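Chemist:
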Ligand SMILES: [Zn+2]
């Protein structure tokens, strides 16, 4: 049996796991991603977490895979100006100290590979994965090929333009009207405040944050439900663009928003998505929070991603 170390670097959490080629995760560590420091702080956190696994488990390891938030710069072996972390650059070169083969890929590329290898996309060749979390991103397999793009950033569709009405500046600061500026966990609160004004609705008693908005909706609050229906219309617009771009058979949704509030996310998308092309199956990933880690294992065993 082959084993590998899989790392999932997100803006909020870092997960490091030991898993095998059958997609079984044997050990999994989770820590809050170091939010402040120098360009090597995140790599040092990874090294420490890897060591705490390899010290206790002495199996032979085929390699280390890193799925990271973007944008990636594969020449620099780094993440540059991530939208949801305060670093200018996260340099991953210190990982070479492990002396192991290291593969780097975008987190959503890893996720779609996980879906295709171990999840709902096993028998399919056209699969898209969408993460709705503190940020938004997508990964696509088209005709069996994992799309990578320049520097592995083909999955940055969270920064596609879906709105000109509110025209919000995105947290990436590189453009306006980006999907992530409306529907991501980080930015939904701002959208909610502007949406209340736009619709002449009084400020509700709950905080303008994604978590409290979802909870209010679950408790039947009409304002929260109406707002999330409008967020759903924007999500459906984005998925409509994805469908005409890739013509997928399956779109799976993951990330904390989709996993913890599946009904509130999924229902409006299914209701409002365009039907110019045949509607693909749209569902929450059955792999849950592990979809990225499983994709990283698949990447190491199939030698996909960029070598560090
Ligand atoms: Zn953006």
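In this note's numbering, the protein residues as written are 56 to 363. Even for Gly, the Cβ is constructed at its ideal location relative to N, Cα and C. If you're wondering where the values come from, they're calculated on a predicted model, not measured in any experiment.
Could you check the C-alpha separation between residue 264 and residue 244 for me, to the nearest Å?
Modeler: Against the chain shown, residue 264 aligns to sequence position 209. Against the chain shown, residue 244 aligns to sequence position 189. Looking at the two C-alpha atoms, the distance is approximately 4 Å.
Chemist: I need the straight-line Cα distance from residue 73 to residue 58, nearest angstrom please.
Modeler: Residue mapping note: residue 73 aligns to position 18 of the chain shown, counting from 1. Residue mapping note: residue 58 aligns to position 3 of the chain shown, counting from 1. Cα to Cα, the separation comes out at about 7 Å.
Chemist: Answer yes if the stretch 168-185 comes into contact with the stretch 104-114, meaning at least three C-beta pairs across the two stretches below 8 Å, and no otherwise.
Modeler: Verdict: no, contact absent.
Chemist: Look at the Cβ atom of residue 169, then the Cβ atom of residue 350, and state whether they are nearer than 7 Å.
Modeler: What you label residue 169 is simply residue 114 of the chain shown in a count that begins at 1. What you label residue 350 is simply residue 295 of the chain shown in a count that begins at 1. It is a contact, given that the beta carbons lie within the stated cut-off.
Chemist: Measuring alpha carbon to alpha carbon, tell me which of 113, 143 and 159 ends up nearest residue 132.
Modeler: Your numbering for residue 132 matches position 77 in the chain shown. Nearest C-alpha to residue 132: 159.
Chemist: Tell me whether residue 217 sits in a helix, a strand or coil according to DSSP, three-state version.
Modeler: To locate residue 217, count along the chain shown from 1; it is residue 162. Coil.
Chemist: Is the distance from the Cβ of residue 189 to the Cβ of residue 240 below 7 Å?
Modeler: In the chain shown, the residue the question calls residue 189 occupies position 134. In the chain shown, the residue the question calls residue 240 occupies position 185. Taking 7 Å as the Cβ cut-off, residue 189 and residue 240 qualify as a contacting pair.
Chemist: Would you decide whether residue 56 is buried or exposed? Buried here means 16 or more other CB atoms lie within 10 Å of its CB.
Modeler: What you label residue 56 is simply residue 1 of the chain shown in a count that begins at 1. Looking at its Cβ environment, which holds fewer than 16 other Cβ atoms inside 10 Å, residue 56 is exposed.
Chemist: Give the C-beta separation of residue 98 and residue 149 to the nearest angstrom, bearing in mind that I take them to be a contact with Cβ-Cβ under 8 Å.
Modeler: If you number the chain shown from 1, residue 98 lands on position 43. If you number the chain shown from 1, residue 149 lands on position 94. 4 Å between Cβ atoms; contact.
Chemist: Determine the direct distance from the alpha carbon of residue 179 to that of residue 173, and round the result to whole angstroms.
Modeler: On the chain shown, residue 173 is found 118 positions in, with the first residue counted as 1. On the chain shown, residue 179 is found 124 positions in, with the first residue counted as 1. Using only the alpha carbons, I get a separation of about 12 Å.
Chemist: Hey, how far is the Cα of residue 126 from the Cα of residue 363?
Modeler: By one-based count along the chain shown, residue 126 stands at place 71. By one-based count along the chain shown, residue 363 stands at place 308. Answer to the nearest angstrom: the Cα atoms are 16 Å apart.
Chemist: If residue 283 sits next to residue 272, beta carbons under 8 Å apart, how far is it from one beta carbon to the other, in whole angstroms?
Modeler: Taking the first residue of the chain shown as 1, we reach residue 283 at position 228. Taking the first residue of the chain shown as 1, we reach residue 272 at position 217. Confirmed, Cβ separation roughly 5 Å.
Chemist: Roughly how many angstroms separate the alpha carbons of residue 75 and residue 352, rounded to a whole number?
Modeler: Sequence index remark: in the chain shown, residue 75 carries index 20 (1-based). Sequence index remark: in the chain shown, residue 352 carries index 297 (1-based). The straight-line gap from Cα to Cα measures roughly 7 Å.
Chemist: Indicate the three-state DSSP secondary structure (helix, strand or coil) for residue 304 in the structure shown.
Modeler: Within the chain shown, numbered from 1, the residue matching residue 304 stands at position 249. Of the three classes helix, strand and coil, the one that applies to residue 304 here is coil, per DSSP.
Chemist: Nearer than 6 Å: is that true of the beta carbon of residue 214 relative to any heavy atom of ligand 1?
Modeler: Here residue 214 refers to the residue found at position 159 when the chain shown is read from its first residue. Yes.
Chemist: Using 10 angstroms around the beta-carbon of residue 235, count the other beta-carbons present and answer buried if the total reaches 16, otherwise exposed.
Modeler: One-based indexing of the chain shown puts residue 235 at position 180. By the 10 Å Cβ count, residue 235 comes out buried.
Chemist: Determine, using beta carbons only, whether residue 48 and residue 162 come nearer to each other than 7 Å.
Modeler: Here the chain covers residues 56 to 363 and nothing more, so residue 48 does not appear.
Chemist: Would DSSP call residue 110 helix, strand or coil?
Modeler: The residue you call residue 110 lines up with position 55 of the chain shown. Residue 110 falls in the coil class under three-state DSSP.
Chemist: Measuring alpha carbon to alpha carbon, tell me which of 143, 130 and 147 ends up nearest residue 122.
Modeler: Counting from one through the chain shown, the residue named residue 122 turns up at place 67. Of the candidates 143, 130 and 147, the one whose C-alpha sits nearest the C-alpha of residue 122 is 147.
Chemist: Would you tell me roughly how many angstroms separate the C-alpha atoms of residue 226 and residue 237, rounded to the nearest one?
Modeler: Within the chain shown, the letter at position 171 stands for residue 226. Within the chain shown, the letter at position 182 stands for residue 237. Rounded to the nearest angstrom, the two C-alpha atoms are 10 Å apart.
Chemist: Going by C-alpha distance, which of 101, 201, 117 and 205 is nearest residue 128?
Modeler: Taking the first residue of the chain shown as position 1, residue 128 is located at position 73. Checking every option, the nearest Cα to that of residue 128 belongs to 205.
Chemist: Quick one: what's got a C-beta closer than 7 Å to residue 242's C-beta in the same chain, skipping five residues either side?
Modeler: Within the chain shown, residue 242 is the residue found at index 187, counting from 1. Closer than 7 Å at Cβ, skipping near neighbours: 226, 235 and 236.
Chemist: Using 6 Å as the cut-off, classify the Cβ of residue 233 as near or not near the heavy atoms of ligand 1, replying yes or no.
Modeler: Here residue 233 corresponds to residue number 178 of the chain shown, with the count starting at 1. Yes, the Cβ of residue 233 comes within 6 Å of a heavy atom of ligand 1.
Chemist: Return the bridge partner residues of residue 361 from the DSSP annotation.
Modeler: For the purposes of this step, residue 361 is taken as the residue at position 306 of the chain shown. In the DSSP output, where bridge partners are listed per residue, residue 361 has 159.
Chemist: Mapping DSSP to helix, strand and coil, what is residue 142?
Modeler: If you number the chain shown from 1, residue 142 lands on position 87. In the structure shown, residue 142 sits in coil (DSSP, three-state: anything other than H, G, I, E or B).
Chemist: Report the partner residues of residue 231 according to the DSSP bridge assignment.
Modeler: Here residue 231 is taken as the residue at index 176 of the chain shown, counted from 1. BP columns for residue 231 point to 224.
Chemist: Which complete beta strand (DSSP E) runs does the stretch 242-280 hold, if anything under 3 residues is left out?
Modeler: Fully enclosed beta strand (DSSP E) runs of 3 or longer: not present.
Chemist: By DSSP's criteria, residue 86 is part of a beta bridge. Which residues make up the other side?
Modeler: Locating residue 86 in the chain shown gives position 31, where the first residue counts as 1. Partner(s): 69.
Chemist: Closest by CA to residue 176, which one among 61, 199, 247 and 230?
Modeler: Counting from 1 along the chain shown, the entry for residue 176 is found at position 121. Cα-wise, what sits closest to residue 176 is 199.
Chemist: Buried or exposed, going by whether 16 or more other CB atoms sit within 10 Å of the CB of residue 214?
Modeler: Indexing the chain shown from 1 puts residue 214 at position 159. Looking at its Cβ environment, which holds 16 or more other Cβ atoms inside 10 Å, residue 214 is buried.
Chemist: Quick one: using the 10 Å Cβ neighbour count with 16 as the cut-off for buried, is residue 345 buried or exposed?
Modeler: The residue you call residue 345 lines up with position 290 of the chain shown. It is buried - the Cβ of residue 345 has at least 16 other Cβ atoms within 10 Å.
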